[in-house]
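Engineer:
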Amino acid sequence: MRWVLAAVVALGTPQAVVGQIADRVAAAEDGVVRFAYQTRQGVEICDQGVRMGERTLWWRSRHGGRGASSCREGLAQVDVTVRNGRVRDVELVGDPSEADARALDLGTVPAEEAARFLLSLADEGGASRDAAEDAVLAAVIADVPEVWRDLLAIARDRTVDGDVRESALFWLGQEAADAATAGLSGVALDQDEDQDVREAAIFALSQRPADEAVPALIEVARTGEELGTRRTAMFWLAQSEDPRVVDFFERVLLGRIR
Numbered sequence: 655m656r657w658v659l660a661a662v663v664a665l666g667t668p669q670a671v672v673g674q675i676a677d678r679v680a681a682a683e684d685g686v687v688r689f690a691y692q693t694r695q696g697v698e699i700c701d702q703g704v705r706m707g708e709r710t711l712w713w714r715s716r717h718g719g720r721g722a723s724s725c726r727e728g729l730a731q732v733d734v735t736v737r738n739g740r741v742r743d744v745e746l747v748g749d750p751s752e753a754d755a756r757a758l759d760l761g762t763v764p765a766e767e768a769a770r771f772l773l774s775l776a777d778e779g780g781a782s783r784d785a786a787e788d789a790v791l792a793a794v795i796a797d798v799p800e801v802w803r804d805l806l807a808i809a810r811d812r813t814v815d816g817d818v819r820e821s822a823l824f825w826l827g828q829e830a831a832d833a834a835t836a837g838l839s840g841v842a843l844d845q846d847e848d849q850d851v852r853e854a855a856i857f858a859l860s861q862r863p864a865d866e867a868v869p870a871l872i873e874v875a876r877t878g879e880e881l882g883t884r885r886t887a888m889f890w891l892a893q894s895e896d897p898r899v900v901d902f903f904e905r906v907l908l909g910r911i912r
């Protein structure tokens with residue numbers, strides 16, 4: 655799994671614990687492996703979703719329903735389903751009492767190790783696309799510093815499935831680190847990227863705080879070579895009430911920006 659080494663460097667986890675979860679998952683061949691880890695501050699695990707601050711985010715669940723009647727902070731619990739040696743599902747367990755009783759339970763593992771393993775699933779060779787996408791969310795909520803660096807690496811890797819890259823781009827847009835904006839702008843303006851990936855980067859930019867998002871979107875709208883790229887940036891700018899947006903649109907309509 656190509657992300658293991660990169661994640662070790664970024665997350666600062668000792669080399670001695672590399673691969674502990676991955677080894678147990680690989681040994682499972684067929685079955686479910688469960689582990690728990692500490693979540694970052696402000697994260698709540700609910701019956702069928704995750705609450706992060708004012709946002710509530712939902713995921714697919716084999717247990718059905720979409721209620722969030724019960725939420726808890728602290729530990730996240732994940733069930734990893736393996737079929738024929740490949741990860742087919744990554745399930746954040748909303749209600750531990752409904753978790754798969756047949757699972758091999760690894761107990762609580764360091765958050766850094768959990769995030770490293772989950773991000774490694776971005777390599778589609780080791781997991782299905784859906785499992786890799788769900789693993790990104792599970793990694794984002796882990797209590798580790800600067801996970802955005804690993805998300806940016808995934809977003810830039812053109813060997814990774816496009817949907818998984820778009821998921822990484824979305825979460826980059828939610829991260830607080832200022833440096834993420836520069837990385838997103840680079841993807842949005844990269845003419846070698848697929849248009850879907852560029853548009854995902856533009857959306858992620860739109861989710862940043864206004865002081866970062868507006869100048870970055872204006873730059874994409876002004877300098878993007880593809881018409882679709884500029885239109886998408888214009889669309890998200892139009893959702894903002896920032897006075898800089900109105901000034902920019904006026905300059906465009908007056909022909910002062912080409």
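Residues 655 to 912 in my numbering are what the sequence shown lists, from first letter to last. C-beta atoms are modelled at their ideal positions from N, C-alpha and C, and glycine is treated no differently.
1) Near residue 731, which residues of its chain fall below 7 Å by C-beta distance, leaving aside the five closest residues on each side in sequence?
2) Take residue 835 and list the residues in its own chain whose beta-carbon comes closer than 6 Å to its own, dropping the five residues that flank it on each side.
3) Quick one: give me the first and last residue of the beta strand (DSSP E) that residue 703 is part of.
4) Can you tell which of 789, 780 and 757 has its C-alpha closest to the C-alpha of residue 768?
5) Comparing alpha-carbon positions, which option in 829, 891 and 781 lies nearest residue 856?
6) Hey, which unbroken runs of the alpha helix (DSSP H) at 4 residues or more fall wholly within the stretch 854-895?
7) Can you have a look at residue 744 and say buried or exposed, based on whether 16 or more other CB atoms are within 10 angstroms of its CB?
8) Taking 8 Å as the threshold, find out whether the stretch 756-763 comes into contact with the stretch 782-802 through three or more Cβ pairs.
9) Can you tell me whether residue 808 is helix, strand or coil according to DSSP?
10) Cβ of residue 823 within 9 Å of Cβ of residue 858?
11) In whole angstroms, what is the alpha-carbon distance linking residue 893 and residue 884?
12) For a cutoff of 9 Å on Cβ pairs, would you count residue 835 as touching chain E?
13) Could you please give me the residues that DSSP links to residue 781 through a beta bridge?
14) Can you tell me where the alpha helix (DSSP H) with residue 835 in it begins and where it stops?
15) Between which residues of its own chain and residue 714 is the CB-CB distance below 6 Å, once the five residues before and five after are set aside?
16) Do residue 873 and residue 839 have their beta-carbon atoms positioned less than 9 Å apart in this structure?
17) Given a cut-off of 9 Å on the beta-carbon distance, is the pair residue 693 and residue 796 in contact?
18) On the DSSP letters alone, give me the boundaries of the alpha helix (DSSP H) that residue 675 sits inside.
19) Let me confirm a value: residue 821 is counted as buried when at least 16 other C-beta atoms fall within 10 Å, else exposed. Which label applies?
20) For the putative contact between residue 878 and residue 887, defined by C-beta atoms under 8 Å, what is the C-beta separation to the nearest angstrom?
21) Does residue 833 pass the burial test, meaning 16 or more other C-beta atoms within 10 Å, or should it be called exposed?
22) Looking at residue 733: is its Cβ nearer than 9 Å to the Cβ of residue 704?
23) Using the three-state DSSP reduction, which class does residue 911 fall into: helix, strand or coil?
24) Do you know how far the Cα of residue 895 is from the Cα of residue 784?
25) What does the alpha-carbon distance come out to for the pair residue 776 and residue 904?
26) Using DSSP bridges, identify the partner residues of residue 758.
27) What's the gap between the Cα of residue 697 and the Cα of residue 764?
28) If you compare alpha carbons, which of 707, 911 and 742 is closest to residue 725?
Structural biologist: So, to answer that:
1) In the sequence shown, residue 731 corresponds to position 77, counting from 1. For residue 731, where only same-chain residues beyond five positions count, the Cβ hits under 7 Å are 688, 690, 747, 750 and 753.
2) The residue given as residue 835 occupies position 181 in the sequence shown. Correct list, in chain order: 862, 866 and 870.
3) Residue 703 sits at position 49 when you count from the first residue of the sequence shown. Residues 703-706.
4) Translated into the one-based positions of the sequence shown, residue 768 becomes position 114. With distances taken between CA atoms, residue 768 lies nearest to 789 out of 789, 780 and 757.
5) If you number the sequence shown from 1, residue 856 lands on position 202. Among 829, 891 and 781, the Cα nearest to that of residue 856 belongs to 891.
6) If we require 4 residues or more, the alpha helix (DSSP H) runs fully inside the stretch 854-895 come out as 864-877 and 881-892.
7) Numbered from 1 along the sequence shown, position 90 holds the residue referred to as residue 744. That one is buried.
8) Taking 8 Å as the limit for Cβ pairs, the verdict is that the stretch 782-802 does not touch the stretch 756-763.
9) Mapped onto the sequence shown, residue 808 falls at position 154. In this structure, residue 808 counts as helix in the three-state DSSP scheme.
10) The residue labelled residue 823 in the question sits at position 169 within the sequence shown. The residue labelled residue 858 in the question sits at position 204 within the sequence shown. The answer is yes: Cβ separation under 9 Å.
11) Within the sequence shown, numbered from 1, the residue matching residue 893 stands at position 239. Within the sequence shown, numbered from 1, the residue matching residue 884 stands at position 230. Going by C-alpha positions, residue 893 is about 15 Å away from residue 884.
12) Here chain E cannot be found, since the structure has a single protein chain.
13) Position 127 of the sequence shown, counted from the first residue, corresponds to residue 781. Residue 781 has 741 as its beta-bridge partners, per DSSP.
14) For this step, residue 835 is matched to residue 181 along the sequence shown. Membership of residue 835 in the alpha helix (DSSP H) is indicated by the continuous run 833-842.
15) By 1-based counting over the sequence shown, the position of residue 714 is 60. Reliability fails at residue 714, whose pLDDT of 49 lies under 50, so the model's placement of it is uncertain and the value that follows must be treated cautiously. Taken in chain order, the list of residues that qualify is empty.
16) Locating residue 839 in the sequence shown gives position 185, counting from the first residue. Locating residue 873 in the sequence shown gives position 219, counting from the first residue. Yes, they are a contact pair.
17) One-based indexing of the sequence shown puts residue 693 at position 39. One-based indexing of the sequence shown puts residue 796 at position 142. Going by C-beta atoms, residue 693 is nearer than 9 Å to residue 796.
18) Start at 1 with the first residue of the sequence shown, and residue 675 comes out as number 21. Run containing residue 675: 674-682, per the alpha helix (DSSP H) assignment.
19) In the sequence shown, residue 821 corresponds to position 167, counting from 1. Using a 10 angstroms sphere on the CB of residue 821, the tally of other CB atoms reaches 16 or more, which defines it as buried.
20) Counted from its first residue, the sequence shown places residue 878 at position 224. Counted from its first residue, the sequence shown places residue 887 at position 233. The C-beta separation of residue 878 from residue 887 comes to about 6 Å, placing the pair in contact by the 8 Å criterion.
21) Mapped onto the sequence shown, residue 833 falls at position 179. Of the residues assessed, residue 833 falls on the exposed side of the cut-off, its CB having fewer than 16 other CB atoms within 10 angstroms.
22) To locate residue 733, count along the sequence shown from 1; it is residue 79. To locate residue 704, count along the sequence shown from 1; it is residue 50. Annotated as distal: residue 733 and residue 704, with beta-carbon spacing of 9 Å or more.
23) Your numbering for residue 911 matches position 257 in the sequence shown. Assignment of residue 911 by DSSP, reduced to helix, strand and coil, places it in the coil class.
24) As a working mapping, residue 784 is identified with position 130 in the sequence shown. As a working mapping, residue 895 is identified with position 241 in the sequence shown. In a straight line, the C-alpha of residue 784 is about 36 Å away from that of residue 895.
25) Within the sequence shown, residue 776 is the residue found at index 122, counting from 1. Within the sequence shown, residue 904 is the residue found at index 250, counting from 1. Near 42 Å, if we compare the C-alpha coordinates of residue 904 and residue 776.
26) Locating residue 758 in the sequence shown gives position 104, counting from the first residue. In DSSP, residue 758 forms a bridge with 687.
27) Counting from one through the sequence shown, the residue named residue 697 turns up at place 43. Counting from one through the sequence shown, the residue named residue 764 turns up at place 110. Their Cα atoms are separated by approximately 17 Å.
28) Taking the first residue of the sequence shown as position 1, residue 725 is located at position 71. Looking at the Cα atoms, 707 is the closest of the given residues.
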